[in-house]
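Residue numbers (UniProt numbering): 1 to 139.
Here a beta-carbon is modelled for each residue, glycine too, at the ideal position from N, C-alpha and C.
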(Lines of atoms letter the chains of each structure in order from A; the text may use other names.)
(Lines give C-alpha, C1' and ligand atoms only; values in the text may rest on other atoms or scores of the structure.)
Protein backbone atom coordinates (compact mmCIF):
# COMPACT_ATOMS: atom_id res chain seq x y z
CA UNK A 1 0.00 0.00 0.00
CA UNK A 2 1.27 3.48 -0.82
CA UNK A 3 2.14 5.84 2.00
CA UNK A 4 2.56 9.56 2.48
CA UNK A 5 5.99 10.28 3.92
CA UNK A 6 7.32 13.47 5.45
CA UNK A 7 11.09 12.97 5.75
CA UNK A 8 13.51 14.93 7.93
CA UNK A 9 16.91 15.25 6.29
CA UNK A 10 19.80 14.36 8.57
CA UNK A 11 17.60 12.65 11.16
CA UNK A 12 19.74 9.51 11.14
CA UNK A 13 22.75 11.61 12.14
CA UNK A 14 20.75 13.32 14.88
CA UNK A 15 19.68 9.95 16.32
CA UNK A 16 23.26 8.68 16.17
CA UNK A 17 24.56 11.77 18.00
CA UNK A 18 21.83 11.58 20.65
CA UNK A 19 22.58 7.88 21.20
CA UNK A 20 26.30 8.60 21.62
CA UNK A 21 25.76 11.43 24.09
CA UNK A 22 22.74 10.34 26.11
CA UNK A 23 22.00 6.73 25.28
CA UNK A 24 18.44 5.47 25.30
CA UNK A 25 17.10 8.23 27.54
CA UNK A 26 17.46 10.92 24.87
CA UNK A 27 16.27 8.57 22.12
CA UNK A 28 13.11 7.92 24.10
CA UNK A 29 12.57 11.67 24.02
CA UNK A 30 12.34 11.35 20.23
CA UNK A 31 9.63 8.76 20.72
CA UNK A 32 7.58 11.26 22.71
CA UNK A 33 8.15 14.02 20.16
CA UNK A 34 7.04 11.80 17.30
CA UNK A 35 4.07 10.58 19.35
CA UNK A 36 2.97 14.16 19.95
CA UNK A 37 3.21 14.95 16.23
CA UNK A 38 1.19 11.85 15.37
CA UNK A 39 -1.47 12.74 17.94
CA UNK A 40 -1.84 16.20 16.36
CA UNK A 41 -2.42 14.63 12.94
CA UNK A 42 -4.78 12.02 14.41
CA UNK A 43 -7.03 14.70 15.95
CA UNK A 44 -7.25 16.52 12.61
CA UNK A 45 -7.84 13.27 10.68
CA UNK A 46 -10.66 12.33 13.04
CA UNK A 47 -12.62 15.37 11.93
CA UNK A 48 -11.95 14.60 8.24
CA UNK A 49 -12.65 10.85 8.34
CA UNK A 50 -15.59 9.71 6.19
CA UNK A 51 -18.53 8.66 8.35
CA UNK A 52 -21.19 6.33 7.13
CA UNK A 53 -21.34 4.31 10.30
CA UNK A 54 -18.38 5.85 12.15
CA UNK A 55 -16.60 2.50 12.51
CA UNK A 56 -13.57 3.53 10.49
CA UNK A 57 -13.18 6.82 12.36
CA UNK A 58 -13.17 4.89 15.64
CA UNK A 59 -10.18 2.83 14.45
CA UNK A 60 -7.88 5.85 14.07
CA UNK A 61 -4.82 5.57 16.28
CA UNK A 62 -1.41 7.18 16.44
CA UNK A 63 1.98 6.29 17.83
CA UNK A 64 5.54 7.49 17.85
CA UNK A 65 8.75 5.51 17.63
CA UNK A 66 12.36 6.61 17.73
CA UNK A 67 12.33 6.97 13.95
CA UNK A 68 8.83 8.03 12.90
CA UNK A 69 5.32 9.17 13.70
CA UNK A 70 2.52 6.88 12.53
CA UNK A 71 -1.22 7.42 12.14
CA UNK A 72 -3.22 4.32 11.24
CA UNK A 73 -6.82 3.53 10.41
CA UNK A 74 -8.53 0.17 10.14
CA UNK A 75 -8.08 -3.30 11.55
CA UNK A 76 -9.26 -6.81 10.70
CA UNK A 77 -12.89 -5.93 11.37
CA UNK A 78 -12.59 -2.73 9.28
CA UNK A 79 -10.56 -3.91 6.26
CA UNK A 80 -11.94 -1.20 4.00
CA UNK A 81 -9.98 1.65 5.63
CA UNK A 82 -7.08 1.33 3.17
CA UNK A 83 -9.24 1.35 0.03
CA UNK A 84 -11.29 4.27 1.38
CA UNK A 85 -8.12 6.25 2.08
CA UNK A 86 -6.01 5.35 -0.98
CA UNK A 87 -8.66 4.22 -3.47
CA UNK A 88 -9.30 0.90 -5.17
CA UNK A 89 -9.47 -0.05 -8.85
CA UNK A 90 -12.74 -1.54 -10.02
CA UNK A 91 -12.41 -5.28 -10.38
CA UNK A 92 -15.89 -6.76 -10.36
CA UNK A 93 -15.91 -10.49 -10.96
CA UNK A 94 -19.36 -12.00 -10.40
CA UNK A 95 -17.95 -15.53 -10.75
CA UNK A 96 -15.86 -14.97 -7.61
CA UNK A 97 -18.50 -12.98 -5.78
CA UNK A 98 -16.69 -9.65 -6.18
CA UNK A 99 -19.09 -6.80 -6.71
CA UNK A 100 -18.86 -3.10 -7.31
CA UNK A 101 -16.65 -0.74 -9.18
CA UNK A 102 -13.74 1.49 -8.38
CA UNK A 103 -13.48 3.39 -5.11
CA UNK A 104 -12.21 6.95 -5.36
CA UNK A 105 -9.66 7.51 -2.62
CA UNK A 106 -10.01 10.20 0.01
CA UNK A 107 -6.61 10.48 1.73
CA UNK A 108 -7.94 12.12 4.89
CA UNK A 109 -4.89 11.23 7.00
CA UNK A 110 -2.49 12.70 4.44
CA UNK A 111 -4.66 15.81 4.14
CA UNK A 112 -4.69 16.16 7.94
CA UNK A 113 -0.89 15.84 8.02
CA UNK A 114 -0.53 18.57 5.40
CA UNK A 115 -3.00 20.92 7.07
CA UNK A 116 -1.46 20.55 10.52
CA UNK A 117 2.17 20.56 9.37
CA UNK A 118 3.00 24.00 10.81
CA UNK A 119 1.73 22.90 14.24
CA UNK A 120 3.37 19.49 14.47
CA UNK A 121 6.58 20.69 12.81
CA UNK A 122 6.98 23.54 15.33
CA UNK A 123 6.21 21.23 18.25
CA UNK A 124 8.67 18.64 16.94
CA UNK A 125 11.42 21.24 16.39
CA UNK A 126 10.86 22.56 19.92
CA UNK A 127 11.15 19.04 21.36
CA UNK A 128 14.26 18.34 19.29
CA UNK A 129 15.90 21.56 20.48
CA UNK A 130 15.12 20.56 24.06
CA UNK A 131 16.75 17.15 23.51
CA UNK A 132 19.84 18.79 22.01
CA UNK A 133 19.99 21.20 24.98
CA UNK A 134 19.77 18.25 27.39
CA UNK A 135 22.51 16.45 25.45
CA UNK A 136 24.77 19.51 25.58
CA UNK A 137 24.13 19.96 29.31
CA UNK A 138 24.97 16.32 29.97
CA UNK A 139 28.15 16.37 27.87
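Taking the C-alpha atoms as reference points, what is the distance between residue 83 and residue 103? About 7 Å.
Flag this pair as yes or no: are the beta carbons of residue 69 and residue 38 separated by less than 8 Å? Cβ distance < 8 Å, so residue 69 and residue 38 count as in contact.
Among the residues of its own chain, which have a CB less than 7 Å from the CB of residue 45, if the five just before and after it don't count? Hits under 7 Å: 60, 71, 108, 109, 112.
Chain C contact for residue 58 (CB, 8 Å cutoff): Chain labels in this structure do not include chain C; a single protein chain is all it has.
Is the stretch 83-100 in contact with the stretch 13-20, if contact means three or more CB pairs nearer than 8 Å? The stretch 13-20 and the stretch 83-100 do not touch, with fewer than three beta-carbon pairs separated by less than 8 Å.
Cβ distance (whole Å) where residue 81 is taken to contact residue 74 below 8 Å: Indeed, because the Cβ distance is near 3 Å, the residues count as touching under 8 Å.
Measure from the alpha carbon of residue 78 to the alpha carbon of each residue in 53, 132, 21, 27, then state which is nearest. Comparing Cα-Cα distances from residue 78 to each of 53, 132, 21, 27, the minimum goes to 53.
Residues sharing a beta bridge with residue 64, DSSP: According to DSSP, which records beta bridges pairwise, residue 64 is partnered with 69.
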